[in-house]
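Here the working numbering = 1-based position in the sequence shown + 4.
Glycine included, each C-beta is placed from N, C-alpha and C at the ideal position.
Presented below is the structure to which this report refers.
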Amino acid sequence: MSGFAVQELAYIKASPLVRVATVSPDYQPDLVVTGFDYDGADFWIGGFEPTNTRRTRNLQSGSNKVALLFDDVLTEGGWTPRYLRIYGSAELVESPAGSGTLNMRITPLVSWSVNLTPESSGPAHALTPRKTLHKASRP
5 MSGFAVQELA
15 YIKASPLVRV
25 ATVSPDYQPD
35 LVVTGFDYDG
45 ADFWIGGFEP
55 TNTRRTRNLQ
65 SGSNKVALLF
75 DDVLTEGGWT
85 PRYLRIYGSA
95 ELVESPAGSG
105 TLNMRITPLV
115 SWSVNLTPES
125 SGPAHALTPR
135 KTLHKASRP
């Protein structure tokens, strides 16, 4: 079961893209925009030749920490930034099985959102983000 609020789940569902951050062995951050799937527990990142991406190499180097960011700005009636930031643990999964293609499975660990739920809505400078600790879906 997801720890996301109903409004956060709707935001995820309505988002065509997500920003994904990984870190290389020499601590160089890498940030890309990509498509994704969410199965109600984990985020899945594939894409065009996912096995040959920097994010896959970063995970293969031993760092399984990742960050996801969904964001936009509502401009009707003012300027209202919205976001859902997620820190998670990633692993590479061969999918489909036997294909040799490695996709990322990201398990959310903690998330923060602004202007998505009633308790975190208002002027951005005056907000306290909604923080959620997620239970890992796998041991």
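Open item on the list: I'd like to know whether the C-beta atoms of Leu-120 and Tyr-15 end up nearer to each other than 7 Å.
Closed with: yes
Open item on the list: Whole angstroms are fine: how far does the CA of Tyr-91 sit from the CA of Thr-105?
Closed with: 24 Å
Task: the region 20–33 in contact with the region 66–83 per 3-pair CB rule at 8 Å - done: yes
Task: Test item: CB-CB of Trp-116 and Lys-135 under 7 Å - done: yes
Open item on the list: Using C-beta distances below 8 Å, list every residue in its chain close to Leu-35, excluding the 5 sequence neighbours before and after it, in chain order.
Closed with: Arg-23, Val-24 and Ala-25
Task: Exposure label - Asp-41; buried when at least 16 CB within 10 Å - done: exposed
Task: Exposure of Val-77, with buried meaning 16 or more beta-carbon neighbours within 10 Å - done: exposed
TODO: Could you give the DSSP three-state label for Ala-101: helix, strand or coil?
DONE: coil
- [ ] Have a look at Gly-66 and Asn-107 and give me their C-alpha separation to the nearest angstrom.
- [x] 15 Å
Task: Residues of its chain near Leu-96, where Cβ-Cβ distance is below 6 Å and the 5 sequence neighbours each way are ignored - done: Leu-63 and Leu-106
Task: Those residues which DSSP pairs with Ile-90 across a bridge - done: Leu-72 and Ser-115
Task: Ordered list of alpha helix (DSSP H) runs contained in the region 8–47, each at least 4 residues - done: 10–18
Open item on the list: Can you give me the C-alpha to C-alpha distance between Pro-122 and Gly-102, rounded to a whole angstrom?
Closed with: 45 Å
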